[in-house]
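Novice: Those protein sequences? They're chains S and F, same order as listed. Numbers 1099 to 1412, taken from my numbering, label the letters of the first sequence in order. Numbers -5 to 547, taken from my numbering, label the letters of the second sequence in order. Glycine included, every Cβ here is placed at the ideal spot set by N, Cα and C. Have a look at this one before I ask anything.
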Amino acid sequence: MFAYVLGRILQAVPVLFLSSIAVFLVLRLVPGDPAESLAGEDATDERVAEIRVQLGIDQPVPRQYITWIGDLAQGDLGTSFRNGLPVSRLLKASLPPTLELAVVAYALALCIGIPLGVMAGANPRSAWDWLLSGYTLVTIGIPSFLSGILLLWIFSVVLGWFPTSGRVAFTEDPVDSLRHLALPAFALGTGLAAILARYTRTAVSEIMGHDYIRTAKAKGLSQRTVVVRHALRNSLIPIVTIAALQVGGVMAGAVVVEQVFTRPGMGRLVVESIQNRDYLVVQSALVVLVTIFVGVNLVADLAYGFLDPRVRRK
Amino acid sequence: MTNDMNEERLSRRRLLGSAATLGVGAAGLALVGCGDDDAQNGAVATAVGAGPTPTPSTEQPKKGGVLKVGQVADLNLNTGFPAVLLPQNRYFGYSGMESLVRYRDSLLPENVLAERFEYNADRSKLTVTLKPKVTFHNGAKVTPEDVFFGIDLMLDPKKYGVTGSFQLVTFAKFITDKKRVDERTMEFTFDKPRVNMTDFFAQLSVTHAASYEDLKVGKSVQGTGAYMFKSWTPNQGFRLEPNPNWHLTAKEGGPYLDAIEGKIFADQDAMGLAFESGDIELVMGINGTIAKRFRDKKQTRLAPKVGLAYVGCVVTNPMLKDKRVRQALFLALDRKRFAEEIGEGFSPVTVQPWPTNSPAFDKALEAPFYDPARAKDLLKQAGFTQDRPLKIEYSGTAYPIHAPVWKENFEAIGVKIELVPTEANQQTANFTARKFTDMFVAAHAFADLSPLTNFQQTFPYRIPNISYYGEPGGDTGQEYVAIIKELEGVDPASAKAKEGYSRFNKLWPNEAWLLPFQGADRIELVGDKVRGFGEYFLTLSQSPNFAKVWKKT
């Protein structure tokens, strides 16, 4: 098992390394010079050149990368071009709101998606199956930014039940924190739940046709035991795969949902930093997000080993 | 046929409709480097246009309450604040920072931090004595060195690790010597007699030099004003608290609020929704489309005008070199439509840079100057031809609904246009690098100061940028340069100066290097419980008098 875990961790290293290069280069391909933008319309050419030196972007691109990656390896994320704040401070302020949103939205997706998928898969062409079809149609058909605006309008502006924007830390005021989280998490989580439910339905439905399920039923086991103990467990590998891949979807969705609900998370930080050509903030934020994604997929890989002993043995 | 469009002005005035527009407040004027006392005149500048919520005379201000305000960009204290006042820093800039002198509702200065503010006879020297016992929010005494620091910062931003530049540097360079006389008195010597240096000092907010490094990262932001900077969470919001030792409490009253809490929004739509739900109670700068939802509730007001939004012409471009072509473009813009359809009728139809309080204000310029037939005629006279469409480069986020109207208006007179929406950041970079090909769009402020200051300080009027207008040596440039030179030697309020303003006002639509389409006004949303909001100071950039704001409970 140890070798399996080690192997998976080692595989993650080149992924992170290549991602860092991609992130670094893509940003430099976007037109717009941070120094010219920062300098303002009154700046002379000399002042713009000075600012380039101040920001370190007067150096050749490979050297800029080596400096950045070297600093990153030592835990120094640098300083924001735009506001002069340490990037670590910006990430520290922005990561918790995104993680809260992602965790709650993800939990909501799991709580809705898996039971609904299992019920629909175990009972094809039943009311559960129709419910899933309807749910999928509505939630996937309406993009999260639109459902977010509708939710905001109904529940915040008209009914006044939830705040329209912002975030309160869970440790500061748990109730207010959940009030701020409810609508964004709902907007993000329900769409993810639909995808998860669809995959779960397919996986469970397929398993339900296998001989060993028929055998279990013939043994007189209850439907619940057959579904939970035999069908669901054996459906878990594709479900875990899609659930892990959805972490990327959660992160991408959070970017949009944070904009709609003015939640001060990583999504807004990245969007604004791209607009401002704040290279170090974007680079560091994306590396953190990629690391989370890689980390979750690593956990999923490890979960395969746990769920299926054949994988461990291989 | 004459090319003098001024002849047309009186007849066009009849076309002046009711109130017109705005939507450019949202365009985010980068008010760069702006900057009060014992009021001698004490008048109140009242906003025009929208439904105001002034304090009814029967209500007495009460202490307490938190004022929740909104803005769409995060604080940025590292690019020269407080000598640069970006819109995102304006709440603290307006409520917490002060200058030696300020303008209330006219260009008569009143002392704020200064007890004495005196020029010598030819205005080549200035002596300033600070009020005794005025302190920063951290308790440190305000000294001449703190005033000098603001000037040094503009002259050498690199030394202080600032990644920006300063519009006020033009004036800072006029100061050839600054001397500390005693712990409260300082003397400034200028390169030559300067008639408008008060504008500079009225825009120069004074901060504590010794804590500047902390200011840049938002750890400790020191001013002397009614509210103190308490905290800032990047990307989320900030909190300002009342200054218990404010030196102007006896005169202005207040500060009355327990705090001002700012929330940072992703965009104007989100901010409008938050205002509608009551999550925030004050917004300074929102577009007309959103603001119109609140007009019937009398929750909107318009801050006094500071300048214009314009399409600028690169006049060295062969297609735009002939002033008749530029005049035609000037006459092609349907300003009533911009004012009423896009600006939702918040501010008037105008082509004039000057606000009503300016000594250069010219009623004849408060007109649409819209005459497509004459525009076509002018193009014909000029023999205008195009081998390609003229490009208009503009910020796609600031002017998405204006752009099709520019194109439609210009194409209606036969000028082919290519709209080039540009990301706001790239647009600023293009300004810095002077990269525009044909035409570009921006808004300017500071027209509410001395007209000469507008010419010397504001981007599209400044001589080094006259490349957009023509060579200073050319015939048209010569006239403009001559006006500025004359104004440099006379009292800004004198009859001679007014003659110069009048000459400029004639030159303005004739040379048409800038094609104004709307006033650069600031629409504000003010909640029902907010009281005392509605008095503005000319400096800094039409700042509301936050000391008088209170909340009805």
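DSSP state of D356/F, grouped into three classes?
Specialist: coil
Novice: Taking only the alpha-carbon atoms, compute the straight-line gap between G339/F and K286/F and give it to the nearest angstrom.
Specialist: 9 Å
Novice: Which of the three DSSP states is assigned to D1399/S in this structure?
Specialist: helix
Novice: Quick check: the region 524 to 540 of chain F against the region 79 to 93 of chain F, are there 3 or more CB pairs under 8 Å?
Specialist: yes
Novice: Is it buried or exposed for K374/F, if we count other Cβ within 10 angstroms and need 16 for buried?
Specialist: exposed
Novice: What is the DSSP secondary structure of M1306/S, reduced to helix, strand or coil?
Specialist: Here M1306/S sits in coil by DSSP.
Novice: Using a C-beta to C-beta distance shorter than 7 Å, which residues of chain F count as neighbours of G1246/S?
Specialist: Within chain F, no C-beta atom comes nearer than 7 Å to that of G1246/S; the closest sits roughly 10 Å away.
Novice: Where does the unbroken alpha helix (DSSP H) through Q262/F begin, and where does it stop?
Specialist: Q262 to S271
Novice: Could you tell me which chain F residues have their CB closer than 7 Å to the CB of N1374/S, listed as they occur along the chain?
Specialist: Residues of chain F passing the Cβ test: N419.
Novice: Verify the CB distance criterion: does A21/F have a CB-CB separation below 9 Å to chain S?
Specialist: Any reading at A21/F must be qualified, since the residue scores a pLDDT of 36, below 50, and its modelled position is unreliable; no value is offered.
Novice: Would you report the Cα separation of Q65/F and L1108/S, rounded to the nearest angstrom?
Specialist: 45 Å
Novice: Answer with yes or no whether the minimum CB distance from N229/F to chain S is below 9 Å.
Specialist: yes
Novice: Quick one: what's R295/F bridged to in DSSP?
Specialist: E518/F
Novice: Would you mind reading off the limits of the beta strand (DSSP E) that contains F511/F?
Specialist: L508 to G513
Novice: On the premise that T1298/S lies in contact with I1247/S, defined as a C-beta separation below 8 Å, what is that separation, rounded to the nearest angstrom?
Specialist: So it is not a contact: roughly 29 Å between Cβ atoms.
Novice: Output yes or no for whether 9 Å exceeds the beta carbon distance between A1329/S and T227/F.
Specialist: It is not a contact, given that the beta carbons lie outside the stated cut-off.
Novice: For V26/F, does the count of other Cβ atoms within 10 angstroms reach 16, so buried, or fall short, so exposed?
Specialist: With a pLDDT of only 29 at V26/F, under 50, the local geometry of the prediction cannot be trusted, and the value read off the model is given with reservation. Buried, because 16 or more other Cβ atoms sit within 10 Å of the Cβ of V26/F.
Novice: Quick one: using the 10 Å Cβ neighbour count with 16 as the cut-off for buried, is F184/F buried or exposed?
Specialist: By the neighbour-count criterion, in which 16 or more other beta carbons inside 10 Å mark a residue as buried, F184/F falls on the buried side.
Novice: Which runs of the beta strand (DSSP E) at least 3 residues long sit entirely within the region 154 to 186 of chain F? Give them in chain order.
Specialist: 169 to 174 and 179 to 184
Novice: What residues from chain F crowd round L1188/S, counting only those whose CB sits closer than 9 Å?
Specialist: P228 and N229
Novice: If we ignore side chains and look at the alpha-carbon of each, how far apart do N83/F and F160/F end up?
Specialist: 15 Å
Novice: Go to S496/F, then tell me how far its alpha helix (DSSP H) extends in each direction, as first and last residue.
Specialist: Per DSSP, the unbroken alpha helix (DSSP H) holding S496/F starts and ends at A489 to E505.
Novice: I need the straight-line Cα distance from S1117/S to V1385/S, nearest angstrom please.
Specialist: 7 Å
Novice: Taking 9 Å as the threshold (beta carbon to beta carbon), is Q262/F in contact with chain S?
Specialist: no
Novice: Residues of the region 373 to 389 of chain F in Cβ contact with chain S at a cutoff of 7 Å, in chain order, please.
Specialist: none
Novice: Chain F partners of A1137/S, CB-CB under 8 Å?
Specialist: T157, G158, S159 and T426
Novice: List the whole-angstrom C-beta distance separating T1360/S from A260/F, where the pair is believed to meet the contact cut-off of C-beta under 8 Å.
Specialist: The beta-carbon separation of T1360/S and A260/F, rounded to 5 Å, stays under the 8 Å limit for a contact.
Novice: For I1149/S, go through chain B and note every residue whose CB falls closer than 7 Å to its CB, in chain order.
Specialist: In summary, chain B is missing from the structure at hand, where the protein chains are S and F.
Novice: Might you give, ordered along the chain, the residues of its own chain that have their beta carbon closer than 6 Å to the beta carbon of K385/F, omitting 5 neighbours on each side?
Specialist: E412, V414, T431 and D432
Novice: Taking all protein chains shown into account, decide if E255/F is buried (16 or more other Cβ within 10 angstroms of its Cβ) or exposed.
Specialist: buried
Novice: Could you please give the first and the last residue of the uninterrupted alpha helix (DSSP H) stretch that includes W1226/S?
Specialist: A1225 to G1239
Novice: Give me the residue from E1134/S, G1258/S, N1395/S and V1379/S with the minimum Cα distance to V1345/S.
Specialist: N1395/S
Novice: According to DSSP, which residues form a beta bridge with N105/F?
Specialist: V95/F
Novice: Quick one: what's M433/F bridged to in DSSP?
Specialist: C307/F and I386/F
Novice: Which residue comes first and which comes last in the beta strand (DSSP E) that contains K62/F?
Specialist: Annotation: the continuous beta strand (DSSP E) that includes K62/F extends over V60 to Q65.
Novice: Give me the subset of the region 1247 to 1263 of chain S whose CB atoms are less than 8 Å from a CB atom of chain F, sorted by chain position.
Specialist: L1250, W1251, S1254, V1255, G1258, P1261, T1262 and S1263
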